[in-house]
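**Q**
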Amino acid sequence: MSDTKTRTARCPICKKPTVQDYRPFCSKRCADIDLGHWFKGDYAIPGDPVDPADLPPADGTPDEGGENK
Ligand SMILES: [Zn+2]
């Protein structure tokens, strides 16, 4: 493996070199921007892995949502 640990990290927001205090960003501003993206859901990935337990049965069993209690 090549040694990439020592390379200069770049701010994912503006691509400037990161600043130690704000890693992985270059400034608090960029950190806040990134946080804003998260809050807005911009980072939601289509096809996000779904917990199989959340999926309805795929074997044709109807689940009418009946509270069968
Ligand atoms: Zn930045």
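In this note's numbering, the protein residues as written are 1099 to 1167. Cβ coordinates follow ideal geometry from the N, Cα and C atoms, glycine included.
#1: Using only the alpha-carbon positions, how far apart do Y1120 and D1157 sit?
#2: Taking 8 Å as the limit between beta carbons, can you name the residues of its chain near P1122, skipping five residues before and five after?
#3: Can you tell me where the alpha helix (DSSP H) holding A1128 begins and where it ends?
#4: Any heavy atom of ligand 1 closer than 7 Å to the beta-carbon of K1114?
#5: Based on DSSP bridge pairs, tell me the residues matched to P1115.
**A** According to the structure data:
#1: 50 Å
#2: A1107, C1109, P1110 and T1116
#3: Contrary to the premise, residue 1128 reads as Cys rather than Ala in this sequence. Where C1128 is concerned, the enclosing alpha helix (DSSP H) stretches over K1126 to K1138.
#4: yes
#5: R1108
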